[in-house]
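Here the protein sequences come in this chain order: H and A.
The opening position of the first sequence corresponds to residue 1415 in the working numbering, with each subsequent residue numbered one higher.
The opening position of the second sequence corresponds to residue 2 in the working numbering, with each subsequent residue numbered one higher.
Please read the structure below before turning to the comments.
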Amino acid sequence: MFEATELSFTYPSGRRGLGSVSLRGEPGDRVVVMGPNGSGKSTLLRLVSTELRSRPGSLKLFGEPCEPLSRDLRRRIGIVQDTPVHVDELTGMENGLLFAELYGLLRADAAGALETLFTSLGLDDALDVPTREYSYGMKKKLLIAEALVHEPELLILDEPALGLDPPSRAALLRILEERSGNGVCMLAATNDPALAQELATTVVLLHEGEVVAHGSPAELLAQVGGATRIEVYVAGPPPVGPRSGSHLATPQPPAGRPSAPRRRSRHWPGYRQRSCRSNNCRGALSPRANRVQTFSLNWLVRSSLRV
Amino acid sequence: MTLPVWRTEWLTALRRRRLLALNTLVPLTLVATVALSPAPAVHAAAVFTVLFALFGTFGSSIPLIRDGESGLLRRYVLTGVHPGGLLLQRVFAAAALDVVELAPSVLVIVVARGSSASQFVMVVPALILGLLAANALGAITAALAKSVAEGALFSAMAALLMLHWAGTFRSPVPGTWQASLEAWNPFRPLHESLLAAAGAGGPDFAPALFTLPLGVTLAALLLITAAGRYTIGLGGR
């Protein structure tokens, strides 16, 4: 379905976006790329989606080389970008029909497929509302519907669940699993460990543009000793305005915590002592939680490499 | 054959009612002020030509750059649509909208200056050709610009230079290279027809005036079609 060989990319500023990454996905595969901010996840997705050109490195899509690029290949891909962009003056349905037509569908055929998708994603009440009045989550759902309407064989998803409410998130997972069952290959990037665990058949961990770990979620967990809970302890200045109701808000000393049989911990000097149960950090991550999560991901990466 | 981008441009323009009204009323105000004044035809025609040419050039380049920056053009192209075809649809749609928005201004010129029917007949195709060329020029300047500010600068510079070569600000000496260049310039029929309509007299409908400028405009559109992918910030993809 896709075969990336030593993909690399350097931005015009000279910053390396991606090192030499080789990756492949077969029909039905759900490859999830994880890594800290700036690790190259989105760059990898942009390369595979044919938006960027890798030099050096090569990409094959559906068994065909992408140099020179055939526009027909693009019609077989569905892309959910991290930032949803639409024609603000058009309604949700009009935007959907516009992209369906650009993918080569007839309006009459597309309308039915879009209505089904909008209903599944809980967007059917807003079909006739201009998208400038949509919330971020609604725009994201519209973007997902637009990416799926032409029944793509390869789906590229950048933070697909970001901004979605729990029912929509569940609906999205249901749709993706169904499409995967029909042979659709998926390449997704996320910072949400829970989403990765629910969605992925293969997880790729990126760090500074390089693949540092690669395998099924179970294999990766086995590499870190089968830990199902990862705790990161950080120490340093007190937090500003602790948030009540979150297990991340109140510093919790490790001493009083009931010990888990397979728990691992790591101390990060310079930060306040805190904890994060990575497998329980599903949804509603505050900026502070994201920071902790990033550390936990680094920890996972380093542990998997035994450095 | 469906033209989704053409349709989207029209729908978008019609729904931005305030902008549509401003795009019609602001040129009309300027044109009416000059057309109703005792300004000499040569000066009035220069004002009208510059206004119409800048209207078309900016109207094409700024939205293209804005949609490029927002990522909308990238989304379009990643669906597999031909980038050149996409740009052509936008250029033609923007030119057609410009014609609609500037039509009241042209009527005011014709009525206020007492133009003959044949002079009016000459203004119409000249306006269409001039606006098509201006929008094509806007698409080309958008390809070179990396921001809206650059786009505005490049559009103004390119349009004014083309207007100068079209003989809008001066008459070149016959037999010089400037005079040869003028015959090819897509803004020349617009200027000549507006000059006639503004009261300077001159030839009635002259198809020969359009031949070379039409060829240049078609060549520019061909260039946009062939090199469309470079216009939308995809690095040639």
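Here a beta-carbon is modelled for each residue, glycine too, at the ideal position from N, C-alpha and C.
Below 6 Å CB to CB, which residues in the same chain sit around residue i once its five sequence neighbours on both sides are set aside?
i                      : result
residue 191 (chain A)  : 50, 127, 131
residue 160 (chain A)  : 54, 55, 58
residue 1533 (chain H) : none
residue 134 (chain A)  : 187, 218
residue 106 (chain A)  : 28, 29, 32
residue 1473 (chain H) : 1418, 1480
residue 1513 (chain H) : 1560
residue 1624 (chain H) : 1433
residue 1425 (chain H) : 1431
residue 1475 (chain H) : 1416, 1487
residue 1493 (chain H) : 1463, 1561, 1570
residue 1615 (chain H) : 1443, 1444
residue 77 (chain A)   : 87
residue 116 (chain A)  : 198
So for residue i, helix, strand or coil by DSSP?
i                      : result
residue 1621 (chain H) : strand
residue 155 (chain A)  : helix
residue 1433 (chain H) : strand
residue 1572 (chain H) : strand
residue 1421 (chain H) : strand
residue 1444 (chain H) : strand
residue 229 (chain A)  : helix
residue 1616 (chain H) : strand
residue 1629 (chain H) : strand
residue 1439 (chain H) : strand
Near residue i, which residues of its chain fall below 7 Å by C-beta distance, leaving aside the five closest residues on each side in sequence?
i                      : result
residue 1672 (chain H) : In this prediction, residue 1672 (chain H) has a pLDDT of 47, which is less than 50 and means its spatial position is unreliable; nothing more can be read from the coordinates.
residue 1429 (chain H) : none
residue 173 (chain A)  : 179, 180, 183
residue 100 (chain A)  : 128, 129, 132
residue 1439 (chain H) : 1415, 1416, 1445, 1599, 1601
residue 167 (chain A)  : 183, 186, 188, 189, 192
residue 215 (chain A)  : 130
Could you check how far apart the C-beta atoms of residue i and residue j are, in whole angstroms? I think they sit under 8 Å.
i                      : j                      : result
residue 1465 (chain H) : residue 189 (chain A)  : So it is not a contact: roughly 41 Å between Cβ atoms.
residue 1444 (chain H) : residue 1613 (chain H) : 5 Å
residue 1518 (chain H) : residue 1545 (chain H) : Actually they are not in contact, since the Cβ atoms of residue 1518 (chain H) and residue 1545 (chain H) sit about 22 Å apart, beyond 8 Å.
residue 1498 (chain H) : residue 1554 (chain H) : 5 Å
residue 87 (chain A)   : residue 35 (chain A)   : Not confirmed; about 37 Å, so no contact.
residue 1537 (chain H) : residue 1556 (chain H) : 6 Å
residue 1601 (chain H) : residue 1570 (chain H) : 5 Å
residue 1503 (chain H) : residue 12 (chain A)   : 7 Å
residue 1621 (chain H) : residue 1477 (chain H) : Not quite, the Cβ-Cβ distance comes to about 30 Å (not below 8 Å), so this is no contact.
residue 66 (chain A)   : residue 198 (chain A)  : Not a contact, Cβ separation roughly 33 Å.
Please confirm whether any heavy atom of the ligand NAP lies closer than 8 Å to the CB of residue i.
i                     : result
residue 106 (chain A) : Looking for the ligand NAP in the displayed structure turns up nothing, as the structure carries no ligands at all.
State the Cα-Cα distance for the pair residue i and residue j, rounded to the nearest angstrom.
i                      : j                      : result
residue 1432 (chain H) : residue 1628 (chain H) : 16 Å
residue 113 (chain A)  : residue 24 (chain A)   : 21 Å
residue 164 (chain A)  : residue 182 (chain A)  : 12 Å
residue 1447 (chain H) : residue 1548 (chain H) : 29 Å
residue 8 (chain A)    : residue 1634 (chain H) : 50 Å
residue 15 (chain A)   : residue 102 (chain A)  : 11 Å
residue 1565 (chain H) : residue 1486 (chain H) : 14 Å
residue 1567 (chain H) : residue 1496 (chain H) : 20 Å
residue 1457 (chain H) : residue 1617 (chain H) : 17 Å
residue 46 (chain A)   : residue 229 (chain A)  : 33 Å
residue 1603 (chain H) : residue 1484 (chain H) : 25 Å
residue 1427 (chain H) : residue 1421 (chain H) : 18 Å
residue 1593 (chain H) : residue 94 (chain A)   : 38 Å
residue 1659 (chain H) : residue 1460 (chain H) : With a pLDDT of 38 at residue 1659 (chain H), under the threshold of 50, the predicted position of this residue should be treated as unreliable, though the coordinate-derived value follows. Between residue 1659 (chain H) and residue 1460 (chain H), the C-alpha separation is close to 38 Å.
residue 196 (chain A)  : residue 18 (chain A)   : 32 Å
residue 1597 (chain H) : residue 1441 (chain H) : 5 Å
residue 120 (chain A)  : residue 162 (chain A)  : 26 Å
residue 1469 (chain H) : residue 79 (chain A)   : 20 Å
residue 1423 (chain H) : residue 1619 (chain H) : 17 Å
residue 1605 (chain H) : residue 1573 (chain H) : 7 Å
residue 123 (chain A)  : residue 60 (chain A)   : 24 Å
residue 222 (chain A)  : residue 71 (chain A)   : 24 Å
Residue i touches chain B at which residues, Cβ-Cβ below 8 Å?
i                    : result
residue 79 (chain A) : Among the protein chains of the structure shown, namely H and A, there is no chain B.
Excluding the 5 residues preceding and the 5 following residue i in the sequence, name in chain order all residues of the same chain whose CB lies nearer than 8 Å to its CB.
i                      : result
residue 1551 (chain H) : 1577, 1578, 1579, 1582
residue 1509 (chain H) : 1500, 1501, 1545, 1556, 1560
residue 225 (chain A)  : 85, 88, 89, 92, 137, 140, 141, 232
residue 1515 (chain H) : 1521, 1524
residue 20 (chain A)   : 14
Open item on the list: Suppose only complete runs of 4+ residues qualify. What are the alpha helix (DSSP H) ranges in the region 122 to 208 of chain A, listed by chain order?
Closed with: Runs of the alpha helix (DSSP H) lying entirely within the region 122 to 208 of chain A and spanning at least 4 residues, in chain order: 149 to 166, 178 to 185, 189 to 196.
Open item on the list: Runs of 4 residues minimum, wholly inside the region 1589 to 1614 of chain H: which ones carry the alpha helix (DSSP H) assignment?
Closed with: Those alpha helix (DSSP H) runs which fall completely within the region 1589 to 1614 of chain H and span 4+ residues are 1607 to 1613.
TODO: Return the chain-ordered ranges of every alpha helix (DSSP H) run that is complete within the region 1458 to 1523 of chain H and spans a minimum of 4 residues.
DONE: Runs of alpha helix (DSSP H) with 4 or more residues, each lying fully within the region 1458 to 1523 of chain H, are found at 1485 to 1489, 1506 to 1516, listed in chain order.
TODO: At 3 residues or longer, and completely inside the region 1525 to 1588 of chain H: list those beta strand (DSSP E) runs for me, N to C.
DONE: Entirely contained in the region 1525 to 1588 of chain H, the beta strand (DSSP E) runs reaching 3 residues are, in chain order, 1568 to 1572.
Task: Continuous alpha helix (DSSP H) assignments of at least 4 residues falling wholly in the region 45 to 109 of chain A - done: Restricting attention to alpha helix (DSSP H) runs no shorter than 4 residues, the region 45 to 109 of chain A encloses them at 73 to 78, ordered along the chain.
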